[in-house]
Amino acid sequence: MELITEKEFFGMANNGEKQHWDKEVDVVVVGYGAAGGISAITAHDAGAQVLLIEKMPHPGGISILSGGGVAFAHNAEGAFQYLKRTCNGTTPDDILRKMAEEMVGMIDWVTELAKVSGTEPSKTETRGHGTYPFPGTNDIDSIKLKDFQAYSEFPWAKGLRGGARLFKVVYDNVNARKIEVLLSTPAKHLITGSQGEVLGLSAEHDGKVTAIKAKKGVILACGGYENDEAMKLQYFQAQPVYPVYLGNTGDGIKMAQKAGAGLWHMWHFHGGYGFKYPELPFAIRHVWAGPRNEKRRMIWIAVDRFGKRFMDEYPPAPQDTGTRALEFYDADIQDYPRIPCYLIFDEEGRKLGPIGIPIVNDERYDAKWSEDNFAEINKGWIKKGNSLEEIAGQIDVNPKVLKATVERWNSLCDGGEDKDHRRPPKTMMPIANAPFYVVEAWPIVNNTQGGPEHDAKQRVLDPMKNPIPRLYVAGEISSIYGHLYLEAGNITECFIAGKIAGSHAAQQLPWD
Ligand SMILES: Cc1cc2nc3c(=O)[nH]c(=O)nc-3n(C[C@H](O)[C@H](O)[C@H](O)COP(=O)(O)OP(=O)(O)OC[C@H]3O[C@@H](n4cnc5c(N)ncnc54)[C@H](O)[C@@H]3O)c2cc1C
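To convert a position in the sequence shown, counted from 1, into the numbering used here, add 21.
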């Protein structure tokens with residue numbers, strides 16, 4: 022973001038009534054991921070003339086890279102109880118109730134939208150319950166779309182195929198409505214009126230600054246701040262935390278703050294531990310993604326810089342809370358002893374398939390992980406040793422300590438119970454057959470959850486809880502999740518928040 026004001030741009034900051042406008046529509050939606058796409062579709066269907074602008078040369082954001090899991094509810098009261106417990110007081114009840122009610126209709130709505138793309142949700146539900154054993158857990162579940170040719174449409178995006186399928190449905194619906202889309206058009210500043218109301222925004226397009234009038238409202242759906250180092254430094258406990266997607270740099274959060282927004286949930290992010298190498302600017306996730314499959318063996322244990330185990334490597338939501346144990350700061354050594362941590366596995370584990378899965382929505386980069394992990398061993402990303410002592414030498418850990426850690430682990434595997442960190446029995450496997458391997462692991466962020474606080478109509482609130490007129494948010498720019506994430510709940514939130522923001526913005530009377 023450039024640190025210049027509208028005043029410098031246009032000479033009339035906070036006096037947008039006199040602004041010269043290059044373009045004019047009813048509703049401007051910023052960011053073309055799932056939340057932006059759904060906001061645009063809904064505002065259009067409610068009769069508004071909509072412009073959808075996207076900073077990157079391609080649409081999709083993180084949404085196109087995701088697993089495409091969509092949470093739904095069998096019953097609104099149960100879903101509300103579950104959301105209330107997982108949000109743990111960080112989000113007002115009326116917002117959670119609205120979300121729970123809308124979750125009941127998710128399958129029907131996705132089914133309707135998916136007709137345009139010739140697909141439908143798979144009848145197979147993911148697991149039959151929520152991640153945690155809280156009240157209402159049996160009232161929620163998630164679905165994915167049936168496989169169809171979605172991926173070939175987005176050759177620049179390489180990720181989990183479910184996300185491409187889901188985004189294709191959003192994309193096809195935007196195209197079917199002929200909604201105007203401007204790519205490579207980053208929003209820069211909100212333009213406000215004398216009462217603080219949002220009248221439009223400035224964006225960069227074709228190398229020029231363009232002032233776009235939004236007669237009814239602006240919906241910020243431009244993601245979180247996973248690739249903004251300064252914000253992560255301020256809001257996250259762990260340092261560093263590497264992003265999966267590069268396009269989300271907190272632009273919308275900063276724009277909303279400048280317009281007077283209060284913030285919530287800033288500490289919370291959806292992330293696990295994974296791999297990071299200087300050759301690539303983004304992190305690589307490990308393959309134990311999504312809801313925990315308690316029957317699937319996980320090949321490694323994680324040790325800290327002293328060679329000791331410190332966590333259940335396979336927590337209930339490996340790609341959500343997986344990062345939390347790494348955040349520990351040791352005041353005695355004035356450092357983070359688990360950043361990086363080290364994943365240790367053996368030859369049996371290596372043979373079980375690739376340990377990493379690169380996920381990229383950026384045409385500048387390509388990344389692959391070999392099926393047998395040999396390419397990564399040859400590159401030095403994974404280090405190999407004929408003995409545990411050799412492995413200890415490679416990570417500068419006391420060999421006796423590392424050996425004792427592995428022996429303890431193997432004895433726990435023999436007994437079929439992780440008495441130290443409660444890892445599920447069927448995920449355990451011993452580390453016994455040379456050669457041995459070690460790989461550095463870092464905290465990684467899939468998406469942030471915090472941003473401008475909003476009400477049940479998705480209106481952005483100032484710190485005194487008053488709505489900022491004509492300013493809305495949808496999606497991960499300002500998620501309701503402020504404690505534990507509802508798995509598959511971010512995409513669902515993109516849909517529900519986008520629907521609420523889009524229809525509410527479209528109903529406003531034009532300010533001119
Ligand atoms: C690997 C992975 C798997 C996941 N799996 C799931 C899952 O199965 N289910 C689930 O619910 N969630 C999942 N998530 C999380 C989920 O994908 C995201 O939270 C969600 O897609 C965010 O959608 P969004 O529309 O808010 O943001 P995005 O999809 O990131 O879209 C935001 C867009 O805004 C653009 N933008 C940024 N700044 C500007 C600007 N200044 N001007 C214009 N445009 C801008 C960005 O380039 C981007 O295209 C997963 C995440 C990852 C990384």
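For glycine and all other residues, C-beta sits at the position ideal for the given N, C-alpha and C.
- Around H95, the same chain offers D160 as residues with beta carbons nearer than 6 angstroms, after the five sequence neighbours per side are excluded.
- Ranked by Cα distance from P375, the options G295, P302, R359 and G436 are led by G295.
- N382 is bridged by DSSP to A178.
- Per DSSP, the unbroken alpha helix (DSSP H) holding P420 starts and ends at P420 to G436.
- Pairing I365 with D227, the inter-Cα distance amounts to about 49 angstroms.
- V418 and M252 have their C-alpha atoms roughly 33 angstroms apart.
- Rounded to whole angstroms, the Cβ separation of G183 and G89 is 3 angstroms, and the two are in contact under 8 angstroms.
- Here N399 is exposed: its Cβ has fewer than 16 other Cβ atoms, across all protein chains shown, within 10 Å.
- A direct Cα-to-Cα measurement between P531 and L220 gives close to 10 angstroms.
- Non-local beta-carbon contacts of M77 in its own chain, meaning distances under 6 angstroms to residues more than five positions away in sequence, involve G268 in chain order.
- When the beta-carbon positions are compared, G52 and C362 stay at least 7 angstroms from each other.
- Between H79 and G180, the alpha-carbon positions lie close to 15 angstroms from each other.
- The alpha-carbon of K119 is positioned some 49 angstroms away from that of F395.
- Taking each of E141, G149, H150 and W130 in turn and checking the Cα distance to K165, the smallest one comes out for E141.
- Of the residues G149, E508, L117 and Q529, the one whose Cα lies closest to the Cα of P337 is E508.
- In this structure Q355 is exposed. Its beta-carbon is surrounded by fewer than 16 other beta-carbon atoms within 10 angstroms.
- In the same chain as E75, and ignoring 5 residues on each side of it, the C-beta atoms closer than 6 angstroms to its own belong to Y53 and L204, in chain order.
- Cβ contact annotation for T342 (same chain, cutoff 6 angstroms, sequence separation greater than five): P336, in chain order.
- Around the C-beta of L211, 16 or more other C-beta atoms lie within 10 Å, and the residue is accordingly described as buried.
- In this structure, the C-beta of A518 stays at least 6 angstroms away from each heavy atom of ligand 1.
- Exclusion of the five residues before and after T426 leaves V324, G328, K329 and R330 as the residues of its chain whose Cβ lies within less than 7 angstroms of its Cβ.
- Excluding residues up to 5 positions away in sequence, I398, P456 and Y458 lie with their Cβ nearer than 7 angstroms to the Cβ of K405 in the same chain.
- Your pair L492 and A277 checks out as a contact, with CB atoms roughly 7 angstroms apart and the cut at 8 angstroms.
- Judged by DSSP secondary structure, E410 falls within the alpha helix (DSSP H) whose first and last residues are L409 to Q415.
- With a cut-off of 6 angstroms, the C-beta of I128 is classified as distant from ligand 1, since no heavy atom of the ligand falls inside that distance.
- Short note on L492: C-beta not closer than 6 angstroms to any heavy atom of ligand 1.
- Within 6 angstroms of the C-beta of K297 there is not a single heavy atom belonging to ligand 1.
- As computed with DSSP, I212 is found in a beta bridge with G221.
- Taking the Cα positions, G57 is about 15 angstroms away from Q70.
- Residue burial annotation: M124 is buried, with at least 16 other C-beta atoms found within 10 angstroms of its C-beta.
- Here the C-alpha atom of D533 lies approximately 15 angstroms from the C-alpha atom of L222.
- Assigned with DSSP and collapsed to three states, G57 falls in helix.
- Put simply, the backbone Cα of A185 is about 15 angstroms away from that of E384.
- Here the distance from the Cβ of N194 to the nearest heavy atom of ligand 1 is not below 6 angstroms.
- The beta carbon of K76 sits closer than 6 angstroms to at least one heavy atom of ligand 1.
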